[in-house]
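According to numbering that gives the first Met the number 0, the sequence shown is numbered sequentially starting from 0. To keep things clear, I will list the structure first and then write my remarks on it.
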Amino acid sequence: MHQFQHSRENPCKDLLYGLQNDIHLLTKLVTLYVSFKRVDDASLVFELIANPCSYLWNILIRGYATEGKFSRSLELYSKMIRKGSRPDKFAFPFVQKSCARLSDLKMGKLVHQHLVCCGCGSDVFVNAALVDMYAKCGAVDDARLVFDKMAVRDLVSWTSMISGYAHNGYNSETLGFFGLMHSSGVKPNRVSLLSVLACDNLGALKKGEWFHSYVIRTGFQCDILVATAVIDMYATCGSLDLARKLFDETKGKDVVCWSAMISSYGVHGNGRKAIDLFNDMVKTGARPNHVTFTCVLSACSHSGLLEKGKRYFAMMKEEFGIAPKLIKFFVYGRSSWPCRTTF
């Protein structure tokens, strides 16, 4: 372990002792550095290899993409092509991920053409990554074309398509596609459920209640993110009683869940209930964040509880050390005129 620590600090120095021709050792070093998230060190070792194999290119491209260095990942991919090395099905998903995170649709389409030429156009994982890339780049129609041509569709491809529709505001398509996934016998995951719950079209109470029962049947009722989204959905439907019932039944409530319920009361003009719930939150030992204070101060503002709002504004700064970034929110809020002198 001491030797590895030394090599982490001096990767090139160690390699100067006649090891440049030991391809097997250099390959091990690249893999080792990437596994320890030392991708830049791995790149230095990689540069010493005269003709790196596709495996090494893949390792480094994956390493940079995994570490969030998406531009560097694409640079390596382009360099790989220029060097005449042929990518395989293991490299393309990470290249597509980089295109998606950078919203680089032009590059994504070039990669799509290239992977077809390389014979990877029928691979299920490559196609799932393609669907995700097009969806995240806003090209939902292109994503759907790829999806429809897939011989085998896994949960990832279904989820990418559903979240792509939701992210781009296609609410009807999101619900319809989720129904298609359900009828195909594919079980949902957290992402697909959250995508549907975010749809405005789910605002009808009966539809929302059906979806809540579906969440329970699929075993996601204990997932705090999904439960919070269902609470928000009920509040959007105007059913605060059902929202509060689920909130009270939810175990392990985090700050997001508390904030969602407080916000629901505030939006519907129940400022005092929002305040009571905030006080309950503090009593349980849960620590509110700036979003929570935004919710409770908004509730005070909308309900005309300005003295209460002043108290919580002071609490935000004095007891929880949160900077008063919310002043602008109040100044430009719906009932901002009386708040100018209060805050």
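C-beta: ideal position from N, C-alpha, C; glycine also. The model shown is predicted, which means the values in this text are computed figures rather than measured ones.
Counting along the chain, GLN112 sits inside the alpha helix (DSSP H) bounded by residues 104-116. GLU248 has its alpha-carbon roughly 16 angstroms from the corresponding atom of VAL254. One alpha carbon belongs to ILE230, the other to ASP131, and they sit about 28 angstroms apart. A residue is called buried once 16 or more other Cβ atoms fall within 10 Å of its Cβ, and GLU172 is buried on that count. In the three-state scheme derived from DSSP, where H, G and I count as helix and E and B as strand, VAL151 is classed as coil. For HIS181, the enclosing alpha helix (DSSP H) starts and ends at 170-182. Contact between PHE91 and CYS116 is ruled out by a C-beta separation of about 11 angstroms, above the 8 angstroms threshold. Assignment of LEU304 by DSSP, reduced to helix, strand and coil, places it in the coil class.
The alpha-carbon of SER121 is positioned some 11 angstroms away from that of PHE146.
Counting only residues of its own chain and dropping the five nearest sequence neighbours on each side, ARG189 has a CB closer than 8 angstroms to the CB of PHE219, ASP222, LEU224 and VAL225. GLY265 is positioned such that its CB atom lies no closer than 8 angstroms to that of HIS289. With respect to the C-alpha of SER191, the residue from TRP209, LEU154, HIS211 and SER183 having the closest C-alpha is LEU154. With respect to the C-alpha of CYS294, the residue from GLY284, LYS282 and LYS272 having the closest C-alpha is LYS272.
Secondary structure note for HIS23: its alpha helix (DSSP H) is the uninterrupted segment 22-34. Looking at GLY268, ILE321, PHE319 and LEU296, the one whose alpha-carbon comes closest to that of LYS309 is LEU296. Rounded to the nearest whole angstrom, the C-alpha separation of HIS166 and ARG216 is 25 angstroms.
In this chain, the alpha helix (DSSP H) harbouring LEU192 covers 189-196. Residue environment analysis places GLY251 among the exposed positions, since fewer than 16 neighbouring C-beta atoms fall within 10 angstroms of its C-beta. In this chain, the alpha helix (DSSP H) harbouring PHE277 covers 270-282. The C-alpha of GLY268 is placed about 15 angstroms away from the C-alpha of LYS307. Per DSSP, ASP222 lies in no alpha helix (DSSP H) segment and is marked neither H nor E. Its chain contains VAL290, THR291 and CYS294 as the residues whose beta carbon lies nearer than 6 angstroms to that of SER258, once the 5 sequence neighbours on both sides are disregarded; these appear in chain order. Per DSSP, the unbroken alpha helix (DSSP H) holding THR65 starts and ends at 53-65.
Within its own chain, the residues whose Cβ lies closer than 8 angstroms to the Cβ of VAL125, once the five positions on either side in sequence are excluded, are LYS88, PHE91, PRO92, GLN95, LEU114 and CYS119, listed in chain order. In the three-state reduction of the DSSP assignment, GLU318 falls in the coil class. Excluding the 5 residues flanking it on each side, LEU245 has same chain C-beta neighbours closer than 8 angstroms at HIS211, ALA226, VAL229, ILE230 and TYR233, in chain order. In the three-state DSSP reduction, SER121 falls in the coil class, being neither helix nor strand.
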